[in-house]
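A short worksheet on the structure shown next.
Number of protein chains: 2
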Amino acid sequence: MHAFDVLGDPVRRRILELLADGEQPAGTLGETVRREFGISQPAVSQHLKVLREHGFTTVRAEGARRLYAVDPGPLREIDAWLAGFRRFWAPPLAALATELARGRRERRLREDDPDDERTTP
Amino acid sequence: MHAFDVLGDPVRRRILELLADGEQPAGTLGETVRREFGISQPAVSQHLKVLREHGFTTVRAEGARRLYAVDPGPLREIDAWLAGFRRFWAPPLAALATELARGRRERRLREDDPDDERTTP
DNA sequence: TCTTTATATCAGATCAGGCTTATATAAGCG
DNA sequence: CGCTTATATAAGCCTGATCTGATATAAAGA
Numbered sequence: 130m131h132a133f134d135v136l137g138d139p140v141r142r143r144i145l146e147l148l149a150d151g152e153q154p155a156g157t158l159g160e161t162v163r164r165e166f167g168i169s170q171p172a173v174s175q176h177l178k179v180l181r182e183h184g185f186t187t188v189r190a191e192g193a194r195r196l197y198a199v200d201p202g203p204l205r206e207i208d209a210w211l212a213g214f215r216r217f218w219a220p221p222l223a224a225l226a227t228e229l230a231r232g233r234r235e236r237r238l239r240e241d242d243p244d245d246e247r248t249t250p
Numbered sequence: 130m131h132a133f134d135v136l137g138d139p140v141r142r143r144i145l146e147l148l149a150d151g152e153q154p155a156g157t158l159g160e161t162v163r164r165e166f167g168i169s170q171p172a173v174s175q176h177l178k179v180l181r182e183h184g185f186t187t188v189r190a191e192g193a194r195r196l197y198a199v200d201p202g203p204l205r206e207i208d209a210w211l212a213g214f215r216r217f218w219a220p221p222l223a224a225l226a227t228e229l230a231r232g233r234r235e236r237r238l239r240e241d242d243p244d245d246e247r248t249t250p
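Chains A and B, in that order, are what the protein sequence lines are. To convert, note that position 20 of the first sequence is 149 in our numbering; the numbers rise steadily by one, no gaps. To convert, note that position 42 of the second sequence is 171 in our numbering; the numbers rise steadily by one, no gaps.
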């Protein structure tokens with residue numbers, strides 16, 4: 130199952146959205162999702178398993194509770210794939226900004242580079 | 130079928146990658162994909178149908194040929210969904226840059242706003 | 001017009017995903 | 001310890017996605 134397939138399911142997307150605000154125990158997630166989608170506890174648990182096994186979440190045990198949290202790895206990969214298409218809608222400046230933010234940040238902070246692409250003439 | 134499901138299929142992802150370099154007739158796409166994945170012509174045609182019907186491509190007829198091209202709409206929506214998680218891996222500067230590129234670009238160019246968040250004290 | 005080329009659609013088979021009910025595991029508590 | 005709470009796994013069913021081979025449609029060319 131590819132990362133995109135994992136995100137194809139609305140329940141799994143919702144779980145990730147909920148986790149975006151911070152870690153949550155399986156039970157709390159389950160309650161919300163069950164209310165919203167009308168599915169059973171095992172169904173939720175199976176979705177959590179898919180998310181886990183594909184690296185979208187981490188889990189840590191706290192007593193009997195399982196605390197889930199977002200693991201950004203696969204989302205990042207998807208973002209990287211999308212990058213090849215971003216030029217179809219993003220203005221060129223954004224690409225530059227991304228580049229800037231990604232690689233040149235530390236260089237700038239250390240060397241105090243006077244060369245500045247931000248102000249286009 | 131959700132946009133994420135559409136991208137879940139490797140054949141469809143490949144087709145979009147090929148189209149990223151510009152429009153191509155179904156036949157050319159088909160040849161490449163058939164070579165790479167070992168599937169039949171109808172299979173490719175069905176994938177093209179999925180891409181079409183979910184808004185990932187446009188088609189225009191040129192004689193008997195169908196020229197496919199990327200339609201960025203759904204990819205953009207996916208990008209928007211991902212935005213809610215980007216803070217997990219992108220440095221804050223990138224978010225600012227995105228914001229900048231998206232909405233404030235013209236304002237800045239016109240008004241020459243002296244208010245500058247870029248330099249955090 | 002007849003034939004070839006380009007692409008799409010149809011019908012049927014197969015397979016994977018997701019759901020449910022029932023059950024297992026393990027911690028918390030009286 | 002038993003009982004309850006929290007979560008996971010198992011087994012079986014059902015639906016929908018994708019594939020193939022056959023066929024339809026339509027443009028191009030002899």
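The C-beta atom is built at its ideal place from N, Cα and C for all residues, glycine as well.
Cβ-based burial, residue i [other Cβ within 10 Å; buried from 16]
{"i": "residue 208 of chain A", "result": "buried"}
{"i": "residue 149 of chain B", "result": "exposed"}
{"i": "residue 198 of chain B", "result": "exposed"}
{"i": "residue 137 of chain A", "result": "buried"}
{"i": "residue 132 of chain A", "result": "buried"}
{"i": "residue 213 of chain A", "result": "exposed"}
{"i": "residue 167 of chain B", "result": "exposed"}
{"i": "residue 192 of chain B", "result": "exposed"}
{"i": "residue 159 of chain A", "result": "buried"}
{"i": "residue 245 of chain B", "result": "Since pLDDT at residue 245 of chain B reaches only 39, below the 50 mark, its modelled position is unreliable, and the value read off the structure follows with that caveat. It is exposed - the Cβ of residue 245 of chain B has fewer than 16 other Cβ atoms within 10 Å."}
Residues that DSSP places opposite residue i in a beta bridge
{"i": "residue 153 of chain A", "result": "A:197"}
{"i": "residue 209 of chain B", "result": "According to DSSP, which records beta bridges pairwise, residue 209 of chain B is partnered with nothing at all."}
{"i": "residue 189 of chain B", "result": "B:196"}
Among the options, nearest to residue i - alpha-carbon criterion
{"i": "residue 203 of chain A", "options": "A:179, A:189, A:214, A:164", "result": "A:179"}
{"i": "residue 216 of chain B", "options": "A:136, A:200, A:213, A:165", "result": "A:200"}
{"i": "residue 165 of chain A", "options": "A:132, A:195, A:142, A:194", "result": "A:142"}
{"i": "residue 194 of chain A", "options": "A:145, A:153, A:144", "result": "A:153"}
{"i": "residue 145 of chain B", "options": "B:192, B:183, B:218", "result": "B:183"}
{"i": "residue 219 of chain B", "options": "A:221, A:219, A:205, A:185", "result": "A:205"}
{"i": "residue 190 of chain B", "options": "B:162, B:171, B:155, B:151", "result": "B:155"}
{"i": "residue 170 of chain A", "options": "A:187, A:151, A:140, A:186", "result": "A:140"}
Partner residues on chain B for residue i, Cβ-Cβ distance less than 7 Å
{"i": "residue 149 of chain A", "result": "213, 214"}
{"i": "residue 205 of chain A", "result": "218"}
{"i": "residue 136 of chain A", "result": "133"}
DSSP three-state assignment for residue i, whether helix, strand or coil
{"i": "residue 145 of chain B", "result": "helix"}
{"i": "residue 238 of chain B", "result": "Since pLDDT at residue 238 of chain B reaches only 48, below the 50 mark, its modelled position is unreliable, and no value is offered."}
{"i": "residue 132 of chain B", "result": "helix"}
{"i": "residue 176 of chain B", "result": "helix"}
{"i": "residue 167 of chain B", "result": "coil"}
{"i": "residue 220 of chain A", "result": "coil"}
{"i": "residue 159 of chain B", "result": "helix"}
{"i": "residue 202 of chain A", "result": "helix"}
{"i": "residue 184 of chain A", "result": "coil"}
Chain-ordered chain B contacts of residue i [CB-CB under 9 Å]
{"i": "residue 181 of chain A", "result": "None at all; the shortest Cβ gap to chain B is about 17 Å."}
{"i": "residue 166 of chain A", "result": "Those within 9 Å of residue 166 of chain A in chain B number zero; the least Cβ separation is about 14 Å."}
Contact set between residue i and chain A, taken where Cβ atoms lie within less than 8 Å
{"i": "residue 199 of chain B", "result": "214, 217"}
{"i": "residue 146 of chain B", "result": "213"}
Chain A residues whose Cβ lies nearer than 7 Å to that of residue i
{"i": "residue 184 of chain B", "result": "Ordered by position in chain A, no residue passes the 7 Å Cβ test against residue 184 of chain B, which lies about 13 Å from the chain."}
{"i": "residue 176 of chain B", "result": "Near residue 176 of chain B there are no residues of chain A at all, since even the closest Cβ is about 14 Å away, more than 7 Å."}
Interface partners of residue i on chain A, CB under 9 Å
{"i": "residue 196 of chain B", "result": "Those within 9 Å of residue 196 of chain B in chain A number zero; the least Cβ separation is about 17 Å."}
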